[in-house]
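Undergrad:
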Amino acid sequence: MDVSVRDAKAHDALLRSGPLIPPAPKVHPRPLAALPFGDLRIAWEMSRNLVGAWAEADFDNLIIPFRFMGQPGLVVSDPAGVRQVLASPNFRRPIKLGRPLKPLVGEGLLLTEGETWKRQRKSLAPVFTPAAIGGLLPHFVAAGGSLADRLTGQDRANLSEAFHHATLDAVLRALFSRRADREGAVLAEIARRYVEGPAHFSLLDFAARGLDDLTFVDGERRRLGSRWLAEVDALIAQRKAGPESDDRPGDLLDRLLAARDEDGRPLPDQEIRDQCSSMLAAGFETTSRLLFWAAYLLARDPSTQDRVRTEVLASAVERVNGLDDLKAWPLLRSVLFETLRLYPTAPTFGRQALADETVLGHQIPAGAMVTISPWLIHRHRKLWDEPTAFRPERFLDQPHPWGMEAFLPFGGGPRVCIGAGFALAEAQIILATVLARVEIGLADDRPVIPVASITLGPDHEPDFVLTPIVQARP
Ligand code: HEM
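Residue numbers (the working numbering): 632 to 1105.
1. Helix, strand or coil: which one does DSSP assign to F923?
2. Can you check the region 970-1057 for any alpha helix (DSSP H) of at least 4 residues that lies completely inside it and give the ranges in chain order?
3. When DSSP labels each residue in this structure, what does P734 get in the three-state scheme?
4. If you draw a straight line from the alpha carbon of G1088 to that of D894, how long is it in whole angstroms?
5. Determine the contact status of A977 and T1086, defining contact as a CB-CB distance below 9 Å.
6. Mind the definition here: the region 745-765 touches the region 912-932 only if three or more C-beta pairs lie below 8 Å; say whether that holds.
7. Grab the span of the beta strand (DSSP E) containing E1070 for me, first residue to last.
8. Taking only three categories from DSSP, how would you classify P650?
9. If I measure Cβ to Cβ from L663 and keep anything under 8 Å in the same chain, skipping five residues before and after, which residues do I get?
10. Give me the residue from E820, Y927 and L1014 with the minimum Cα distance to Y974.
11. Is it true that the CB of R904 sits closer than 9 Å to the CB of P897?
12. As a quick exercise: from D709, F699 and R1010, pick the residue whose alpha carbon is nearest that of A655.
13. Is P1099 helix, strand or coil when you go by DSSP?
14. Count the other CB atoms, across all protein chains shown, that sit within 10 Å of the CB of G992; report buried if there are 16 or more and exposed otherwise.
15. So which of S934, A947, I1060 and T970 has the shortest CA-CA distance to E1006?
16. I'd like the list of long-range same chain contacts for D576, defined as Cβ closer than 8 Å, with 5 residues on each side in sequence excluded.
17. Quick check: what's the CA-CA separation for R781 versus E1070?
18. Would the beta-carbon of V802 be found less than 8 Å away from any heavy atom of the ligand HEM?
19. CB G737 to CB A930, shorter than 9 Å?
20. From which residue to which residue does the beta strand (DSSP E) around G704 run?
21. Tell me whether A644 is buried or exposed, calling it buried when 16 or more other Cβ atoms sit within 10 Å of its Cβ.
22. Are the CB atoms of S934 and F1026 within a distance shorter than 9 Å?
23. For R1022, which option in P996, A1037, L693 and L967 has the closest C-alpha, if you only look at C-alpha atoms?
24. For L681, which three-state DSSP category applies?
25. Does the separation of the CB atoms of R982 and V716 fall below 9 Å?
26. So, with DSSP's three-state summary, where would you put I867?
27. Which of the three DSSP states is assigned to R854 in this structure?
28. Just to confirm, does S1084 get its C-beta within under 8 Å of one of the non-hydrogen atoms of the ligand HEM?
29. Considering only their Cβ atoms, is the gap separating E814 from E862 smaller than 9 Å?
30. Nearest CA to the CA of K1013: which residue from A1037, I1060, Q994 and I764?
31. Could you give the C-beta distance for L651 and A1020, rounded to a whole number, given that I count them as a contact under 8 Å?
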């Protein structure tokens, strides 16, 4: 029997008798490393799906030493170990992991290191304070409204595509005060082609020695990357050339143009371009995936969907004036957290030891890799009750036994996602707007299996059935 059909039946049976157990890729009964040609099998599985190589035992062990392509490494899921690794200056992002991103983000915050990263992070910090994000909410409300308008009157929709467009729209409005029109469509098309193709970690990436090694064979990455950067350059030029308007809410580009380095100098043009590209690349795909998975889970769990709708209808999006107004939607926020737990859009990241280190008694020689996988940690049997079940209420019942330490969709330590507050505010507003207008269901019950390259996407984009919400007149 086809695995997906078997999974569908298993899920439906569970749906009837308990919480929803949403679909996930097959977990291998034995570690692939223990099988003949283990390294090749792992590399092959991971090049197809970064979360497709885990074995049953990995969900029981908090620390797993490994050897891959002759190099020692450690998978760390223990919260204390994760904290140590993410906080320590003795670990850095592995250079190779940046290879698929470099053509899109250049020398922006995502990939810089050392003093350059410190300077960049400091100059970008004011762009992401709660007050600054509060000022961006009108952009998110506008993006949510235009998505809901587009969906109105449709009885079926590809919400993956729709959220892709909406989050690009939101980030373009927040960055450049403009909607996703022609340039938005071009950027969306490049991003889509990139995510489907060159974003996947390739066997070549495993073999390369650094960010810029063997890139002459990465033709598609370089071609799409330079088109992407050219579009961003054009957007900045247009926005700079456009008339100033007092009634325009401030945007991220205003803040980047106003940012000064320690010597009081404005940021160089190329850095502004690379930071904008980083925000676009890091910001819209991740948030669109979060919205897609949240919609998928709510479509599979109609009673939770109804309860969230009651919440958002009681305190309408139109009343949102500041970040505090989002507190009126605690269940919606918990649904987004539970979505990020089950389907972390950045499902795995790593660190490389710069010097010999010891983590929870395990020696890590300089150069060795540490894998930190939110996918694994969030489904770990020692860290979560019913780890594979969709139970958003678990985030209402704080404190969690592990605090939030076993929950790291946005990473941790000094390189924690700078856009977390931005993404959560945006996702709450867009999802609330959609749920207030339409009920969402799935057109068929084929399970959607998560597939990870840079982000965690669906193996196919299901059609959603939309039913308009008729609100009683006051
Ligand atoms: C659901 C949405 C998002 C998720 C799950 C997410 C996840 C992450 C994670 C896990 C990291 C750290 C990776 C590591 O430590 O190696 C990160 C870093 C980063 N994120 Fe996000 N992100 C999201 C949205 C955003 C948004 C909206 C923006 C910008 C507008 C953004 C900008 C960045 C940047 C610039 C970094 C690098 C920070 C640094 O190295 O100092 N992200 N993100």
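Note that beta-carbon positions come from the ideal geometry of N, C-alpha and C, so glycine has one too.
TA: Taking the coordinates as given:
1. On the sequence shown, position 292 is the one that residue 923 refers to. The answer is helix: DSSP assigns F923 an H, G or I state.
2. 1005-1009
3. Your numbering for residue 734 matches position 103 in the sequence shown. DSSP places P734 in helix when its eight states are reduced to three.
4. Numbered from its first residue, the sequence shown carries residue 1088 at position 457. Numbered from its first residue, the sequence shown carries residue 894 at position 263. Rounded to whole angstroms, G1088 to D894 spans 43 Å at the Cα level.
5. The count along the sequence shown starts at 1 and reaches residue 977 at position 346. The count along the sequence shown starts at 1 and reaches residue 1086 at position 455. Result yes, Cβ atoms of A977 and T1086 sit closer than 9 Å.
6. no
7. For the purposes of this step, residue 1070 is taken as residue 439 along the sequence shown, with counting starting at 1. Unbroken beta strand (DSSP E) run through E1070: V1069 to L1073.
8. Working through the sequence shown from its first residue, we reach residue 650 at position 19. P650: coil per DSSP, three-state reduction.
9. For the purposes of this step, residue 663 is taken as residue 32 along the sequence shown, with counting starting at 1. If we look at L663 and ignore the five residues flanking it on each side, its Cβ neighbours are G669, R672, I673, E676, A684 and A686.
10. Counted from its first residue, the sequence shown places residue 974 at position 343. Selected option, being the one with the closest Cα: Y927.
11. Walking along the sequence shown from the start, residue 897 turns up at place 266. Walking along the sequence shown from the start, residue 904 turns up at place 273. Contact: no.
12. Locating residue 655 in the sequence shown gives position 24, where the first residue counts as 1. Cα-wise, what sits closest to A655 is R1010.
13. Reading the sequence shown from its first residue, position 468 is the one you call residue 1099. Three-state DSSP puts P1099 in a strand.
14. Position 361 of the sequence shown holds residue 992. With fewer than 16 other Cβ atoms within 10 Å, it is exposed.
15. Numbered from 1 along the sequence shown, position 375 holds the residue referred to as residue 1006. According to the sequence displayed, residue 1006 carries Trp and not Glu. Among S934, A947, I1060 and T970, the Cα nearest to that of W1006 belongs to T970.
16. The chain is shown from 632 up to 1105; residue 576 falls before or after that span and cannot be answered.
17. Along the sequence shown, one-based indexing puts residue 781 at 150. Along the sequence shown, one-based indexing puts residue 1070 at 439. Going from the Cα of R781 to the Cα of E1070 covers about 15 Å.
18. Position 171 of the sequence shown, counted from the first residue, corresponds to residue 802. V802 Cβ: within cutoff of the ligand HEM.
19. To locate residue 737, count along the sequence shown from 1; it is residue 106. To locate residue 930, count along the sequence shown from 1; it is residue 299. Contact: no.
20. Against the sequence shown, residue 704 aligns to sequence position 73. G704 -> beta strand (DSSP E) spans Q702 to V707.
21. In the sequence shown, residue 644 corresponds to position 13, counting from 1. Since pLDDT at A644 reaches only 47, below the 50 mark, its modelled position is unreliable, and the value read off the structure follows with that caveat. Exposed, since its Cβ has fewer than 16 Cβ neighbours within 10 Å.
22. Translated into the one-based positions of the sequence shown, residue 1026 becomes position 395. Translated into the one-based positions of the sequence shown, residue 934 becomes position 303. Contact: no.
23. The residue labelled residue 1022 in the question sits at position 391 within the sequence shown. Of the listed residues, the one whose Cα sits closest to R1022 is L967.
24. For the purposes of this step, residue 681 is identified with residue 50 of the sequence shown, where counting begins at 1. DSSP places L681 in coil when its eight states are reduced to three.
25. The count along the sequence shown starts at 1 and reaches residue 982 at position 351. The count along the sequence shown starts at 1 and reaches residue 716 at position 85. Cβ distance < 9 Å, so R982 and V716 count as in contact.
26. Counting from 1 along the sequence shown, the entry for residue 867 is found at position 236. Reduced to three states, the DSSP call for I867 is helix.
27. Here residue 854 refers to the residue found at position 223 when the sequence shown is read from its first residue. It is helical.
28. As a first step, residue 1084 must be located in the sequence shown, where it is residue number 453. It does not: the Cβ of S1084 is nowhere closer than 8 Å to a heavy atom of the ligand HEM.
29. Within the sequence shown, residue 862 is the residue found at index 231, counting from 1. Within the sequence shown, residue 814 is the residue found at index 183, counting from 1. Yes; because the gap between Cβ atoms is below 9 Å, this pair is in contact.
30. Locating residue 1013 in the sequence shown gives position 382, counting from the first residue. Among A1037, I1060, Q994 and I764, the Cα nearest to that of K1013 belongs to A1037.
31. Against the sequence shown, residue 651 aligns to sequence position 20. Against the sequence shown, residue 1020 aligns to sequence position 389. Correct: roughly 7 Å between the Cβ atoms.
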